[in-house]
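A.B. asks: When you line the sequence shown up against this note's numbering, it's residues 1434 to 1633, in that order. By construction, the Cβ of each residue, glycine as well, lies at the ideal position given by its N, Cα and C atoms. Here the structure is a predicted model, which means the values were calculated and not measured.
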Amino acid sequence: MTKTIWPSLRSYTGEHLQRIALPLGGIGTGTVSLGGRGNLTDWEIMNRPAKGYVPGPRFSGAPFLCLRAQPIGGEAVTRLLEGPVPASEIQGDFGSVAPNHGWPRFREARFDTAYPLGQVHLQDPTVPLQGRLEAFNPFVPADVESSSWPLAVVRCVLSNPGPTAVRASVCLSVPNFVGHDGSEGECAGNRNRRRHTKNV
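1. For residue 1454, which residues in the same chain have their Cβ closer than 8 Å to its Cβ, ignoring the five residues on either side in sequence?
2. Can you grab the Cα-Cα spacing for the pair residue 1535 / residue 1605, in whole Å?
3. For the pair the segment 1476-1487 and the segment 1506-1514, tell me if three or more CB-CB distances fall below 8 Å.
4. Write down the C-beta distance between residue 1597 and residue 1441 rounded to the nearest angstrom, noting that I regard them as a contact closer than 8 Å.
5. So is residue 1518 buried or exposed if we call it buried at 16+ other beta carbons inside 10 Å?
6. Under a three-way DSSP split, which group does residue 1626 fall into?
7. Given this structure, state the Cα-to-Cα distance separating residue 1563 from residue 1573, to the nearest angstrom.
8. Check residue 1591 in the structure and name its three-state DSSP category.
9. From the DSSP output, which residues share a beta bridge with residue 1501?
10. Report the rounded CA-to-CA distance for residue 1504 versus residue 1461, giving the unit in angstroms.
11. Using the beta-carbon count (16 or more within 10 Å), is residue 1538 buried or exposed?
Below, the structure is given as structure tokens:
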């Protein structure tokens, strides 16, 4: 796995990845959590608690980060920037309950944390690059104003352990769930419009 200079107080692997998530967001602004395997979960930004809520269709179309990597002169591979789906989420009344469950992922994941920092290390022998998601909150001890910015930072770091150059692209996909409160049903009632305000 890749090395980093970020601090780490605890590391989680295997089954422990199912139960760890780092909430990202300022104090009182709502959060989106970085799950143990690199998934974006617990979208609590609609002014209500919503643990487990992920916007988008139930089985596909949920938010994700994706990598496309192609060694020069080789075949391209595409993977979600996530570790494997745990066995407990592979079965359900309609099949897997994991968002985007049928998409290829990295085979190994490790979550390192030292709040308000978290990072997910991703590795797969069939992928020519190693990935690392670095995430943090705007948390400044004893400074409520600086800790209350409505933001979360997620950075994707790719490293090439091999001798061959690799072309890579990273994509973030988030469905439009404006107008949906996360309590039930699918994203609906989206209202988008262009707005221009002068002197702001």
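C.D. replies: Put simply:
1. 1466, 1467, 1468, 1469, 1474 and 1475
2. 18 Å
3. no
4. Contact flag wrong, Cβ pair sits at about 30 Å.
5. buried
6. coil
7. 31 Å
8. strand
9. 1511 and 1602
10. 44 Å
11. buried
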